[in-house]
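Chemist: Numbering follows numbering that gives the first Met the number 0, in which position 412 of the sequence shown is assigned residue number 411; successive positions increment by one, without gaps.
Glycine residues also receive a C-beta, built at the ideal position from the N, C-alpha and C atoms.
Source: prediction; values computed, not measured.
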Amino acid sequence: MSTPENQPSANFIRQIVSNDLAINKHNGKIATRFPPEPNGFLHIGHAKSICLNFGIAQENQGTCNLRFDDTNPEKESIEFMQSIEKDVQWLGFQWTAEYHSSDYFDPLYDYAVQLINQNLAYVDSLSAEEIRAYRGSLTEEGKESPDRNRPIAKSLDLFKRMREGEFEDGKYVLRAKIDMASPNINMRDPTLYRIRRTHHHRTGGDWCLYPMYDYTHCISDAIEGITHSLCTLEFEDHRPLYDWILDKLQTPCHPQQIEFARLQLEYTVMSKRKLAQLVIENHVKGWDDPRMPTIAGLRRRGFTPDSIRDFCERIGITKKDAWIKMAALESCIRDDLNENAPRAMAVLKPLRVVIENYPDEQVELLTAKNHPQKEEMGTREIPFSKIILIEQEDFSLVPPPKFKRLIEGGEVRLRGAYVIKCEKVITDTAGNVIELRCSYDKVTLGKKPEGRKVKGVIHWVSEQHSIPAELRLYAPLFTEANPEAQSHFLETLNPNSLEILSDSRVEASLANAKPETRYQFERCAYFCVDSDSRAEKLVLNRTVSLRDSK
Ligand code: ATP
Ligand code: MG
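1) Tell me whether Leu262 counts as near the ligand ATP, meaning its Cβ is closer than 7 Å to at least one heavy atom of that ligand.
2) Which same chain residues end up closer than 7 Å to Pro35 when comparing Cβ atoms and leaving out the 5 residues on each side of it in sequence?
3) Between the alpha carbons of Ile222 and Ile294, how many angstroms are there, rounded?
4) Out of Pro210, Asn183, Asp188 and Asp205, state which residue places its alpha-carbon closest to the alpha-carbon of Glu235.
5) What residue range is occupied by the uninterrupted beta strand (DSSP E) comprising Val283?
6) If we ignore side chains and look at the alpha-carbon of each, how far apart do Ile466 and Asp105 end up?
7) Round the Cβ separation of Pro254 and Leu107 to the nearest angstrom and send it over; I've been treating them as touching at under 8 Å.
8) State the Cα-Cα distance for the pair Pro3 and His227, rounded to the nearest angstrom.
9) Just checking: is the beta-carbon of Gly415 within a distance shorter than 8 Å of some beta-carbon in chain B?
10) Between Ser384 and Ser461, which are expected to be in contact by the criterion C-beta below 8 Å, what is the C-beta distance as a whole number of angstroms?
11) Counting beta carbon pairs with one atom in the stretch 57-65 and one in the stretch 265-283, are three or more of them shorter than 8 Å?
12) Taking 7 Å as the cut-off, is the beta-carbon of Gly44 closer than that to any non-hydrogen atom of the ligand ATP?
13) Exposed or buried, Val362, counting other C-beta atoms within 10 Å across all chains shown (16 or more means buried)?
14) Report whether the distance from the Cβ of Met211 to the nearest heavy atom of the ligand ATP is below 7 Å.
15) Look up Gly203 in the DSSP assignment and say whether it is helix, strand or coil.
16) If you measure from the CB of Asp86, is any heavy atom of the ligand ATP nearer than 7 Å?
17) Would you tell me roughly how many angstroms separate the C-alpha atoms of Glu355 and Glu410, rounded to the nearest one?
18) Measure from the alpha carbon of His551 to the alpha carbon of each residue in Gly285, Arg238 and His198, then state which is nearest.
19) When you compare the stretch 372-386 with the stretch 530-548, are there three or more beta-carbon pairs, one atom per stretch, that lie closer than 8 Å?
20) Tell me the DSSP secondary structure of Ala132 in three-state form.
21) Three or more C-beta pairs closer than 8 Å, one from the stretch 258-274 and one from the stretch 142-157: is that the case here?
22) Please state the DSSP three-state secondary structure of Ser17.
23) Mind checking who Ile425 pairs with in its DSSP beta bridge?
24) Examine the Cβ distances between the stretch 342-355 and the stretch 325-334 and report whether three or more of them are shorter than 8 Å.
25) Nearest to Gly415 by CA position, among Lys513, Trp459, Ala152 and Ile316, is which residue?
26) Quick one: what's got a C-beta closer than 7 Å to Phe402's C-beta in the same chain, skipping five residues either side?
27) Among Leu470, Ile257 and Thr267, which has the Cα closest to the Cα of Glu490?
28) If you pair each beta-carbon of the stretch 482-489 with each one of the stretch 414-428, do three or more pairs fall below 8 Å?
29) Using only CA atoms, which one of Phe79, Leu208, Ser136 and Asp334 lies nearest to Ala180?
30) Where does Ser8 sit, in a helix, a strand or coil, going by DSSP?
31) Would you check if the stretch 118-133 and the stretch 73-93 touch, i.e. whether three or more CB-CB distances between them fall below 8 Å?
32) Whose C-beta lies closer than 6 Å to the C-beta of Leu500 among residues of the same chain, with five residues either side of it excluded?
33) Looking only at its chain, what residues have a beta carbon closer than 7 Å to the beta carbon of Pro514, apart from the 5 residues adjacent to it on each side?
34) What is the C-beta distance between Ala187 and Arg134, in whole angstroms, given that I count them as a contact (C-beta under 8 Å)?
35) Entirely within the stretch 236-277 and at least 4 residues each: give me those alpha helix (DSSP H) ranges in chain order.
36) Consider the C-beta atom of Lys47 and the heavy atoms of the ligand ATP; say whether any pair is separated by less than 7 Å.
The following block contains the structure:
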């Protein structure tokens, strides 16, 4: 964690909040919200916003609402809402109250009528295309719509009929009357409402008129009494509009919008539209595919809530965009699992070893520690027998220099068991090693052999006791650090992002291991049991390697 005392590290937003508390700005109250649009699963970028919003509330005895920003009915669903609730809770946070922008459709409508009455909004018949053309550009002022001076009574009448469903989609919009010459394009009479005959997952067919994000967000914040409305940097240019709407409406509360940098993580994408495309076009196996940067994907991959919160704390909150390396995220889960994951033995690519001088029917139950440093994690029994499996890589017929593992005629220690010696190598007709014949030194159980040094230690499992397992190894989804900078992000998809080892074997103690159980497979990597696991065949995901390869 961030500091030895486990205090959250300072950042400019925490500073603003504590200054506001010091001057009793909001009557000593802190209220934040996390406002996802239910149009996809949450990703690691959202985790940054969740940790910030819930964290600030927790640290200051404040409140934090979960608010679904559900004003685009075409793309939103109950399924996405449920996944969001689950992921926020899994990360370890509980909202004070749950709201939906759609809860405010009535007051939002009433506020819009108020703006029209104040001559600050008008019904416009320009098409979306015309509005865009009239808007101008950074170098060119916008042009006023011919409808801009429509009498208040006419706009009121049209707006009412828009709500009643008299007009087809796109016929009219409601726009704020601000300033078509403003250097900030967001202030050039932004659209507040558009007609959309779409079923809404909560309000059903009640509305055919839906409010726009900028209009909805500030009023929803004000209705909930939010004190600090934290959002990402791309909304900086929208802040004048946020403030304009609340000023003109004289809402009882005027939250302060503060922007911070989005999380950008290398070798993945974070836009929900692109993540949805990966899912819909089957480039991955779903929103919770362990290669996805979604919370659900990371959970399935084996990440813990602690590791993700630790990551968000380590990257900090700033006003400047920065790219974060995947290694930074990986080092958080590695640190967590090194501390907390029980150890086990698994052989990824097995090679059969027959111990010729070991009694045929004998089975010994050897005791192994579940964690080398943590006694409290206890021990388990590992069966040892005449035929064992070792890693193909741990034997070499033509050993490279300094090879410390098993070679023909050489000795190696089996972790937690005996020293064995390779007496004979069996190969197939093509010369591939298919089996080793070994002997064991009976007096080396937990003891050094007499008169000679055995340097290498390798892992193993007993053939008859081990359980078949499919191990899924992952690499980054993309071959470019910033796939979104490419014209076609899908062209940078990594064709080798998933490797499946289907003949692996894991030690007997993993029988009945439940999904989401995590292990360190000694000398291999950290793995997590997948929900595809069956009693006949375990399936595990490689969460992260033991060490950073770079
Ligand atoms: P997208 O554009 O991909 O749909 P979004 O920002 O619109 O993403 P929302 O569901 O609206 O997604 O986001 C909810 C909250 O999470 C917002 O306050 C948003 O600023 C924040 N958020 C989204 N992505 C990131 C990110 N990469 N880093 C930090 N915060 C983020
Ligand atoms: Mg959004």
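Modeler: Taking the geometry as given:
1) Inclusion of Leu262 in the 7 Å shell around the ligand ATP follows from its C-beta lying nearer than that to a non-hydrogen atom of the ligand.
2) Leu41, His45, Phe67, Asp68 and Ile83
3) 30 Å
4) Asn183
5) Per DSSP, Val283 belongs to no beta strand (DSSP E) and is neither H nor E.
6) Straight-line Cα distance between these residues: approximately 60 Å.
7) Beta-carbon to beta-carbon, Pro254 and Leu107 are separated by about 16 Å, too far to satisfy the 8 Å threshold.
8) Confidence is the limiting factor: at Pro3 the pLDDT is only 44, short of 50, which leaves the residue's position unreliable, though a coordinate-based value still follows. So the alpha carbons of these two residues sit roughly 28 Å apart.
9) In the displayed structure, chain B is absent; only one protein chain is listed.
10) Ser384 to Ser461, Cβ: 5 Å. Contact.
11) no
12) yes
13) By the neighbour-count rule (16 or more Cβ atoms within 10 Å), Val362 is not buried but exposed.
14) no
15) strand
16) no
17) 15 Å
18) In the structure as shown, the chain starts at 0 and stops at 549, and residue 551 therefore has no counterpart that could be examined.
19) The stretch 372-386 vs the stretch 530-548: no contact.
20) helix
21) no
22) helix
23) Glu434
24) No, because fewer than three Cβ pairs between the stretch 342-355 and the stretch 325-334 fall closer than 8 Å, the two stretches do not touch.
25) Trp459
26) Here the set comprises Ser395.
27) Thr267
28) no
29) Ser136
30) coil
31) no
32) Leu347 and Leu470
33) Val528, Asp529, Ser530 and Ser532
34) Looking at the sequence itself, residue 187 is Arg, so the reference to Ala does not match. Yes, Arg187 and Arg134 are in contact; Cβ-Cβ is about 5 Å, under 8 Å.
35) 238-248
36) yes
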